[in-house]
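Worksheet for the structure shown next.
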Amino acid sequence: MTNEKKQFRLKVYDNFHYMDESETYEYGDFETYNEALIAAKAIVDDFLEHNWKSGVTPSYLLGQFSMFGEDPIIVSNKQEEHGWFSARNYATSERWKFVRNLKINI
0 MTNEKKQFRL KVYDNFHYMD ESETYEYGDF ETYNEALIAA KAIVDDFLEH NWKSGVTPSY
60 LLGQFSMFGE DPIIVSNKQE EHGWFSARNY ATSERWKFVR NLKINI
(Lines of atoms letter the chains of each structure in order from A and count residues from 1; the text may use other names and numbers.)
(Lines give C-alpha, C1' and ligand atoms only; values in the text may rest on other atoms or scores of the structure.)
Protein backbone atom coordinates (compact mmCIF):
# COMPACT_ATOMS: atom_id res chain seq x y z
CA MET A 1 0.00 0.00 0.00
CA THR A 2 1.32 3.42 -0.90
CA ASN A 3 1.11 6.59 1.15
CA GLU A 4 1.17 8.77 -1.94
CA LYS A 5 -1.42 11.52 -1.69
CA LYS A 6 -4.14 11.35 -4.30
CA GLN A 7 -4.14 14.27 -6.70
CA PHE A 8 -7.84 15.17 -6.80
CA ARG A 9 -10.32 15.78 -4.00
CA LEU A 10 -14.07 16.08 -4.47
CA LYS A 11 -15.65 18.60 -2.11
CA VAL A 12 -19.41 19.06 -2.07
CA TYR A 13 -21.27 22.27 -1.26
CA ASP A 14 -24.96 22.48 -0.43
CA ASN A 15 -26.78 25.00 -2.63
CA PHE A 16 -29.48 25.38 0.02
CA HIS A 17 -26.82 26.65 2.43
CA TYR A 18 -24.94 28.74 -0.11
CA MET A 19 -21.65 30.20 1.20
CA ASP A 20 -21.91 28.23 4.47
CA GLU A 21 -18.61 26.31 4.71
CA SER A 22 -19.97 24.30 7.65
CA GLU A 23 -22.44 22.64 5.26
CA THR A 24 -19.73 21.24 2.96
CA TYR A 25 -18.27 17.77 3.07
CA GLU A 26 -15.36 15.88 1.54
CA TYR A 27 -16.72 13.24 -0.83
CA GLY A 28 -13.42 11.52 -1.52
CA ASP A 29 -9.95 11.56 -3.04
CA PHE A 30 -9.14 10.32 -6.53
CA GLU A 31 -5.98 9.47 -8.40
CA THR A 32 -7.16 10.90 -11.72
CA TYR A 33 -9.17 13.91 -12.80
CA ASN A 34 -11.45 11.64 -14.82
CA GLU A 35 -12.34 9.57 -11.74
CA ALA A 36 -13.20 12.74 -9.81
CA LEU A 37 -15.18 14.09 -12.78
CA ILE A 38 -17.25 10.90 -13.05
CA ALA A 39 -18.08 11.10 -9.33
CA ALA A 40 -18.97 14.81 -9.55
CA LYS A 41 -21.29 14.23 -12.52
CA ALA A 42 -22.92 11.29 -10.72
CA ILE A 43 -23.81 13.56 -7.78
CA VAL A 44 -25.55 16.00 -10.14
CA ASP A 45 -27.23 13.21 -12.14
CA ASP A 46 -28.52 11.65 -8.92
CA PHE A 47 -30.15 14.93 -7.89
CA LEU A 48 -31.75 15.40 -11.32
CA GLU A 49 -33.05 11.83 -11.37
CA HIS A 50 -34.50 11.95 -7.86
CA ASN A 51 -36.16 15.34 -8.33
CA TRP A 52 -37.74 14.74 -11.71
CA LYS A 53 -41.34 13.65 -12.07
CA SER A 54 -43.74 13.65 -14.97
CA GLY A 55 -44.66 17.19 -15.98
CA VAL A 56 -41.51 18.80 -14.57
CA THR A 57 -39.83 21.04 -17.13
CA PRO A 58 -36.08 21.12 -17.61
CA SER A 59 -36.04 24.77 -16.50
CA TYR A 60 -37.86 23.97 -13.27
CA LEU A 61 -35.51 21.05 -12.62
CA LEU A 62 -32.50 23.32 -13.08
CA GLY A 63 -34.04 25.84 -10.68
CA GLN A 64 -34.50 23.11 -8.08
CA PHE A 65 -30.88 22.08 -8.51
CA SER A 66 -29.71 25.68 -8.16
CA MET A 67 -31.66 26.10 -4.92
CA PHE A 68 -31.37 22.68 -3.29
CA GLY A 69 -28.82 20.52 -5.10
CA GLU A 70 -25.37 19.46 -4.05
CA ASP A 71 -22.60 21.34 -5.86
CA PRO A 72 -19.46 19.23 -6.20
CA ILE A 73 -16.11 20.83 -6.98
CA ILE A 74 -12.84 19.15 -7.89
CA VAL A 75 -9.90 20.48 -5.92
CA SER A 76 -6.37 19.90 -7.19
CA ASN A 77 -2.95 21.45 -7.19
CA LYS A 78 -3.00 20.80 -10.96
CA GLN A 79 -6.23 22.69 -11.70
CA GLU A 80 -4.77 24.61 -14.63
CA GLU A 81 -4.08 21.32 -16.43
CA HIS A 82 -7.70 20.17 -16.22
CA GLY A 83 -9.85 23.26 -16.02
CA TRP A 84 -12.76 23.75 -13.66
CA PHE A 85 -15.80 21.53 -13.31
CA SER A 86 -18.99 23.52 -12.82
CA ALA A 87 -21.93 21.50 -11.52
CA ARG A 88 -24.31 24.26 -12.62
CA ASN A 89 -22.92 24.28 -16.17
CA TYR A 90 -23.08 20.50 -16.27
CA ALA A 91 -26.68 20.47 -14.99
CA THR A 92 -27.60 23.16 -17.54
CA SER A 93 -26.12 21.22 -20.44
CA GLU A 94 -27.50 17.85 -19.34
CA ARG A 95 -31.03 18.75 -18.18
CA TRP A 96 -32.68 18.55 -21.61
CA LYS A 97 -31.13 15.18 -22.41
CA PHE A 98 -31.84 13.96 -18.91
CA VAL A 99 -35.55 14.85 -18.93
CA ARG A 100 -35.98 13.51 -22.47
CA ASN A 101 -34.36 10.19 -21.49
CA LEU A 102 -36.51 9.87 -18.37
CA LYS A 103 -39.69 10.53 -20.35
CA ILE A 104 -38.71 7.86 -22.87
CA ASN A 105 -38.08 5.30 -20.12
CA ILE A 106 -41.41 5.76 -18.31
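Heads up, the sequence shown is in numbering that gives the first Met the number 0, so the first residue is 0 and it goes up one at a time.
We put the beta carbon where it would ideally sit given N, CA and C, even for glycine.
May I have a chain-ordered list of the beta strand (DSSP E) segments no shorter than 3 residues that lie completely inside the region 0 to 88? 7 to 13, 24 to 29, 69 to 75
Report yes if the C-beta distance between Phe-64 and Phe-15 is below 7 Å; otherwise report no. no
Local Cβ density within 10 Å of Glu-48, reported as buried at 16 or more and exposed below that: exposed
Decide yes or no for the touch test of the region 4 to 18 against the region 74 to 82: beta carbon pairs closer than 8 Å, at least 3 of them. yes
Mind reading off the beta-carbon distance from Val-11 to Glu-93? Whole number of angstroms is fine, and I expect it under 8 Å. In fact, because the Cβ distance is near 18 Å, the residues do not count as touching under 8 Å.
Taking the straight line between their C-alpha atoms, what separation do you get for Ala-86 and Ser-21? 19 Å
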